[in-house]
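Quick note: the sequence shown uses full-length UniProt numbering, first residue 1, plus one each step.
The C-beta atom is built at its ideal place from N, Cα and C for all residues, glycine as well.
All of these numbers come straight from a predicted model, not from anything done at the bench.
The block underneath contains the structure these notes are about, expressed in structure tokens.
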Amino acid sequence: MPYKNQANQPKPGEALIQSAGYTHVSQIGSAADLPTLSNFPLWRKIAQTEETLGTVSNYLFARGGQHGDYSNYEDSALTDPKPPTSLIYLIIQQILAGTVPSNLVLTKNILTSIGNPFNDRNFQLEQVVAFLARTGRKRHQGPNKFVNAIQGQFINLLWTDLPHPPTTNLDPKHRFRTPDGRDNNLTGLPMLGAANQPYSRSVKPVHPVPAGMAEPEEIFDAILRRPSGFEGFTPHPAQVSSLFFGFANLIIHDLFWSNNGPEVKTCDGSESKEGSEGAPTGGTSNQWQNKTSSYASLDPLYGTNAKEQWQIRDKSQLGRGLLHNDTFSSNRLLLMPPSSSALLVLFSRNHNRAARKVLELNERGAWQSDLSQLTPEQLQQQDDEIFGTARHINCAYYAGIILSDYLQAILNTTQVDSNWALDPRAPIKNLLGSTPKATGNSVSVEFNVLYRWHSAVSWSQTQWMEDKFSKALPSRNWDEMTGAHLAKASALLQKELNAEAGSDPRNWKLSKYETSVPEEGPPELTSEGVYERDAESGKFRDEDIARILRDSTNEVAGTFGARHVPAAMKWIECQGMRTARDVWKLCTLNEFREFIGLKKHDTFEQWNSDPSVASAMADLVGHPANIPLHVGLNGEESKKPTVGSGVCLPYTISRAILSDASKHSLSVSNPNEVVSDDSLLRYKVSLVRGDRFFTDSASADVMTDWGLNEVQPDPQNDRINMFTTISHYSVNRFLSPFLTLPSADNIDFFSVPFVVPKHSYSNMQRIGFQKALNYSLNPPPPSNVGFEQVQNGGKTMVCEMSDTSEVEVQRMGLIFGLASLFANLLDSSVLW
1 MPYKNQANQP
11 KPGEALIQSA
21 GYTHVSQIGS
31 AADLPTLSNF
41 PLWRKIAQTE
51 ETLGTVSNYL
61 FARGGQHGDY
71 SNYEDSALTD
81 PKPPTSLIYL
91 IIQQILAGTV
101 PSNLVLTKNI
111 LTSIGNPFND
121 RNFQLEQVVA
131 FLARTGRKRH
141 QGPNKFVNAI
151 QGQFINLLWT
161 DLPHPPTTNL
171 DPKHRFRTPD
181 GRDNNLTGLP
191 MLGAANQPYS
201 RSVKPVHPVP
211 AGMAEPEEIF
221 DAILRRPSGF
231 EGFTPHPAQV
241 SSLFFGFANL
251 IIHDLFWSNN
261 GPEVKTCDGS
271 ESKEGSEGAP
281 TGGTSNQWQN
291 KTSSYASLDP
301 LYGTNAKEQW
311 QIRDKSQLGR
321 GLLHNDTFSS
331 NRLLLMPPSS
341 SALLVLFSRN
351 HNRAARKVLE
361 LNERGAWQSD
371 LSQLTPEQLQ
381 QQDDEIFGTA
391 RHINCAYYAG
401 IILSDYLQAI
411 LNTTQVDSNW
421 ALDPRAPIKN
431 LLGSTPKATG
441 NSVSVEFNVL
451 YRWHSAVSWS
461 QTQWMEDKFS
471 KALPSRNWDE
481 MTGAHLAKAS
491 ALLQKELNAE
501 AGSDPRNWKL
511 SKYETSVPEE
521 GPPELTSEGV
531 YERDAESGKF
541 RDEDIARILR
551 DSTNEVAGTF
561 GARHVPAAMK
571 WIECQGMRTA
581 RDVWKLCTLN
591 EFREFIGLKK
601 HDTFEQWNSD
611 PSVASAMADL
621 VGHPANIPLH
631 VGLNGEESKK
641 PTVGSGVCLP
651 YTISRAILSD
661 ASKHSLSVSN
671 PNEVVSDDSL
681 LRYKVSLVRG
691 DRFFTDSASA
701 DVMTDWGLNE
711 VQPDPQNDRI
721 NMFTTISHYS
731 VNRFLSPFLT
741 LPSADNIDFF
751 SVPFVVPKHS
761 YSNMQRIGFQ
771 KALNYSLNPP
781 PPSNVGFEQV
791 QNGGKTMVCE
801 MSDTSEVEVQ
811 RMGLIFGLAS
821 LFANLLDSSV
831 LW
């Protein structure tokens, strides 16, 4: 009969249910709200089970219990008074509706498409909408947490398809890198990572500094100091070459330049204003300020402001976007072993090569090769555009070397037969959307301390450094070294290289310290002095640059860990420890380990298993919790060489390399501090992925079609890398015996530039004989036309070229010593 009692009309959230001639008032979303099966005893069991499991499902499928973040029930309660349904209700509803097969197909399609582009011909989007439409109706039931969670992720997927806010725009002034690095982040933080901005902080220091802590000089002598003589030098266990640390030195000076003088004032929209160098006024340290940008933008080459940049640009050829031959902006690297400066010369030459090429191709027809037809304003505009384009291409080479050669050495992937390389620039899609990129970067003070790799200085570099320091401290008693001695030694070296403050970079020279590496014993000095420029072209001789690179590649670096820092570095290391303690007030080692998810050190033996080192540290700091970050990182026990550990870093630094591989978090707490989650691999990964010019702005529009294609890795060419390419084009005449044109069949001297060649040769012998045979361990004499050189051990053979597979058979025969296969092999003495 009709239900006409108005007093008993259902309230909001209730429904009228008719069963067996009776009408009931039921709460929507309860077991009674299920499809009508009331006359079956099984239904009552299902209802009871649903009531029991429903509460559990609230916690399984919604964050924060019943009213979790996924469902926003506090908001929905304002519009929908019906209590929510649970997962068991949804499952039974779908079974009865017969939609389980289609739901399984939908689930399969979604799972198989994770990380891949959606195939819109499979109608995944429409299937999700249909599922939500069937299960999300609320006319007769309350909201379901599980359905709302799916809806939330669906909305999140659609939202993350586009960046919010956009990371790029069409403003011409944002097309190229600015001299000081500003405007890399276009989402509201234009000064993030620009030159003269504050360092960021990663770890909040909480642990109190105990009274009576040892002074830095005591810590250095007990924990870090390398024993004197060649016997005190320990070669790197993985035979990493000193060129690796020459490149690392370039990276360090690209990212870090602590301000030891007056504060550099920076205003938005204007150039930085810097006082004269000297002691900070008012007794306040300004080492919180980083005078270079936080991006891999080759600042030592291009400068950190417009004045420095303009000084190296070739104004005599205005309109071509060129640099003066072999010039670079920063004279800081001249005060260090010459391999870093030689690398800068390569990048300077590569910039001019790229600038000439893009003007020659003129793909968009926007530039004019006949400069006489342009007005002064047009000349300047064309020069700026070509310069910016060439810098884009050059920095992409730089990033490519970091991500291939540099990371290969760190991770020791040269031990396996693989051309895999980590590339964080690629789009990363997942079920929840995409991983952010082009968000900017700000380097941290913890990262600064992580990169104090002075223990890896090679034997020859140590001798070069001591020779330069002794000009100011003839006694060579490094315990007496002061800041005044270092300043005097630097001034003398700058004068020797024509690189005093305010000097013209076109007149700078390079230090000369040539060595030969014997089978045993220390490297032997063969020549020293300076490398001069050509009077007409202003360039260094190709053979001089090649010699620096070859010597650095042939010599093994030092090892990491306690008691490996050269004694001549004592004053520099102690000043670093004081800055970390008194100015930056850094966290302890254990606080840093806890921050990156590592177990704290409970004993000194856990920190370093060498009893003498552990005992010395115990005497200095008293408890493992008191170990300062600087000495704790650099004095900790190092890892052994294996795949994944090539540079054999101390344990905490090694973990820090991987601690921020995918995260990127930045927030502004006050005008003088940017707080970020940072670590060493942030430079390799987050630094590259966070840089707009390596990701969203790395387009053919900015780099040209040729430039964009030029910097792409070629997986078909095994072990061929960007360092090989840039060296080949820059000093081809004198490295041509080593640097062949990229080919999978020609593995040259610089294909593994950051490992000593003899060790690379041994690795290739283990990986495959063919690789070792094709590797140019020593420069071979030029071969006659029609013949091919084959090396085995110390003997060089020449075989006739052939278009058939006979040559390969001959090579394999040579490898296995089958002389009968070499009827057409000629002894090298016949031809040479």
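Would the segment 186 to 197 and the segment 291 to 310 be scored as touching if the rule is three or more Cβ pairs under 8 Å? Yes, since at least three Cβ pairs between the segment 186 to 197 and the segment 291 to 310 fall closer than 8 Å, the two stretches touch.
Quick test of your reading: Ser638 and Leu649, contact by CB under 8 Å. State the CB separation rounded to the nearest angstrom. In the sequence shown, residue 638 corresponds to position 638, counting from 1. In the sequence shown, residue 649 corresponds to position 649, counting from 1. Right, the Cβ-Cβ distance comes to about 6 Å (below 8 Å), so this counts as a contact.
Please identify the residue among Asp299, Gln239 and Ala238 whose C-alpha is closest to the C-alpha of His257. Along the sequence shown, one-based indexing puts residue 257 at 257. The sequence given here has Trp at residue 257, not His. The option with the nearest alpha carbon to Trp257 is Asp299.
When you compare each of Pro179, Gly261 and Arg226 to Val565 by their alpha carbons, which one comes out closest? Numbered from its first residue, the sequence shown carries residue 565 at position 565. Nearest C-alpha to Val565: Arg226.
Provide the residue span of the beta strand (DSSP E) that contains Ser511, from first to last. For the purposes of this step, residue 511 is identified with residue 511 of the sequence shown, where counting begins at 1. Leu510 to Ser516 is the span of the beta strand (DSSP E), which, as asked, contains Ser511.
Out of Gly644, Leu473, Pro641 and Met336, which has the shortest C-alpha to C-alpha gap to Ser511? For the purposes of this step, residue 511 is taken as the residue at position 511 of the sequence shown. When each option's Cα is compared against that of Ser511, the closest is Met336.
State the CB to CB distance for the pair Pro641 and Pro237, rounded to an integer number of angstroms; the pair is presumed to be in contact (CB under 8 Å). Here residue 641 corresponds to residue number 641 of the sequence shown, with the count starting at 1. Here residue 237 corresponds to residue number 237 of the sequence shown, with the count starting at 1. Confirmed, about 5 Å.
Determine the extent of the beta strand (DSSP E) in which Glu524 is found, giving its start and end residues. In the sequence shown, the residue the question calls residue 524 occupies position 524. Glu524 to Tyr531 is the span of the beta strand (DSSP E), which, as asked, contains Glu524.
7 Å Cβ shell around Gly538 - same chain, five flanking residues per side excluded: Indexing the sequence shown from 1 puts residue 538 at position 538. Once the five neighbours on either side are set aside, the close Cβ partners of Gly538 are His324, Asn325, Asp326 and Arg506.
Taking C-alpha atoms, which residue in Phe595, Val613, His392 and Gly597 lies nearest to Thr603? As a working note, residue 603 is residue 603 in the sequence shown. When only C-alpha atoms are compared, the closest one is Val613.
Relative to the alpha-carbon of Thr187, which residue among Pro101, Pro522, Lys437 and Gln317 has its alpha-carbon at the smallest distance? Position 187 of the sequence shown holds residue 187. For the residues Pro101, Pro522, Lys437 and Gln317, the minimum Cα distance to Thr187 belongs to Lys437.
Length of the line joining the Cα atoms of Gln124 and Asn156: By 1-based counting over the sequence shown, the position of residue 124 is 124. By 1-based counting over the sequence shown, the position of residue 156 is 156. Rounded to whole angstroms, Gln124 to Asn156 spans 16 Å at the Cα level.
Grab me the residues of Ser330's own chain with a C-beta within less than 6 Å of its C-beta, minus the 5 sequence neighbours each way, in chain order. As a working mapping, residue 330 is identified with position 330 in the sequence shown. Same-chain partners within the cutoff: Pro300.
Determine, using beta-carbon pairs with one atom in the segment 158 to 174 and one in the segment 247 to 266, whether at least three such pairs fall under 8 Å. no
Of all the beta strand (DSSP E) runs that stay within the bounds of the segment 558 to 610, which reach a length of 3 or more residues? none
Any idea what DSSP makes of Asn290, helix, strand or coil? Your numbering for residue 290 matches position 290 in the sequence shown. Asn290: strand per DSSP, three-state reduction.
Provide the residue(s) that pair with Phe540 in DSSP beta bridges, ordered along the chain. As a working note, residue 540 is residue 540 in the sequence shown. Arg533.
Taking C-alpha atoms, which residue in Trp571, Phe595, Ala562 and Lys599 lies nearest to Asp610? Residue 610 sits at position 610 when you count from the first residue of the sequence shown. Comparing Cα-Cα distances from Asp610 to each of Trp571, Phe595, Ala562 and Lys599, the minimum goes to Ala562.
Do Asn103 and Asn122 have their C-beta atoms closer together than 8 Å? Taking the sequence shown and counting its residues from 1, the one referred to as residue 103 is at position 103. Taking the sequence shown and counting its residues from 1, the one referred to as residue 122 is at position 122. Contact: no.
In three-state terms, what does DSSP make of Leu323? Against the sequence shown, residue 323 aligns to sequence position 323. Under the three-state reduction of DSSP, Leu323 is assigned to strand.
What residue range is occupied by the uninterrupted alpha helix (DSSP H) comprising Leu246? Reading the sequence shown from its first residue, position 246 is the one you call residue 246. Per the sequence shown, residue 246 should be read as Gly rather than Leu. Gly246: member of the alpha helix (DSSP H) spanning Ser242 to Leu255, first to last residue.
Between the segment 539 to 551 and the segment 342 to 354, are three or more C-beta pairs nearer than 8 Å? Counting Cβ pairs under 8 Å, three or more are found: they touch.
In terms of residues, what are the limits of the alpha helix (DSSP H) holding Trp453? As a first step, residue 453 is located in the sequence shown; it is residue number 453 there, counting from the start. From DSSP, Trp453 is part of no alpha helix (DSSP H); its letter is neither H nor E.
Touch check for the segment 232 to 248 and the segment 392 to 412: three-plus C-beta pairs under 8 Å? yes
Just to confirm, are Pro628 and Arg578 a CB contact at a threshold of 8 Å? Within the sequence shown, numbered from 1, the residue matching residue 628 stands at position 628. Within the sequence shown, numbered from 1, the residue matching residue 578 stands at position 578. No, the Cβ-Cβ distance between Pro628 and Arg578 is not below 8 Å.
According to DSSP, residues forming a beta bridge with Thr642: Against the sequence shown, residue 642 aligns to sequence position 642. Answer by DSSP bridge pairing, in chain order: Ser645.
Using a threshold of 8 Å, state whether the C-beta atoms of Ile393 and Ala354 are closer than that. On the sequence shown, position 393 is the one that residue 393 refers to. On the sequence shown, position 354 is the one that residue 354 refers to. Result yes, Cβ atoms of Ile393 and Ala354 sit closer than 8 Å.
Can you confirm whether the segment 447 to 455 touches the segment 548 to 560 when touching is taken to mean that 3 or more C-beta pairs between the two stretches lie within less than 8 Å? Counting Cβ pairs under 8 Å, three or more are found: they touch.
In this structure, how does DSSP classify Arg692 when only helix, strand and coil are distinguished? Along the sequence shown, read from residue 1 onward, the residue named residue 692 stands at position 692. Arg692: helix per DSSP, three-state reduction.
Return the CA-CA distance between Lys585 and Asp180, expressed in angstroms with no decimal places. The count along the sequence shown starts at 1 and reaches residue 585 at position 585. The count along the sequence shown starts at 1 and reaches residue 180 at position 180. Taking the straight line joining both Cα atoms gives about 27 Å.
Thinking C-beta only, is Ser460 closer than 8 Å to residue 904? Outside the displayed range of the chain (1 to 832) lies residue 904, so it cannot be described from this structure.
Candidates Ala390, Met569 and Ala222: closest to Asn362 by CA position: Here residue 362 refers to the residue found at position 362 of the sequence shown. When each option's Cα is compared against that of Asn362, the closest is Ala390.
Is the beta carbon of Gly440 closer than 8 Å to that of Leu170? Here residue 170 refers to the residue found at position 170 of the sequence shown. Here residue 440 refers to the residue found at position 440 of the sequence shown. Not in contact: Leu170 and Gly440 (Cβ atoms no closer than 8 Å).
Could you check what DSSP says for Val358 in three-state terms: helix, strand or coil? By 1-based counting over the sequence shown, the position of residue 358 is 358. Looking at Val358 - three-state DSSP - the assignment turns out to be helix.
Please work out which residues of its chain come closer than 7 Å, Cβ to Cβ, to Ala625, disregarding the five sequence neighbours upstream and downstream, and give them in chain order. Taking the sequence shown and counting its residues from 1, one reaches residue 625 at position 625. Shown here for Ala625: same chain residues with a beta carbon closer than 7 Å to its own, the five before and five after excluded, namely His207, Thr588 and Asn590 in chain order.
The alpha helix (DSSP H) enclosing Gly521, as first and last residue numbers: On the sequence shown, residue 521 is found 521 positions in, with the first residue counted as 1. From DSSP, Gly521 is part of no alpha helix (DSSP H); its letter is neither H nor E.
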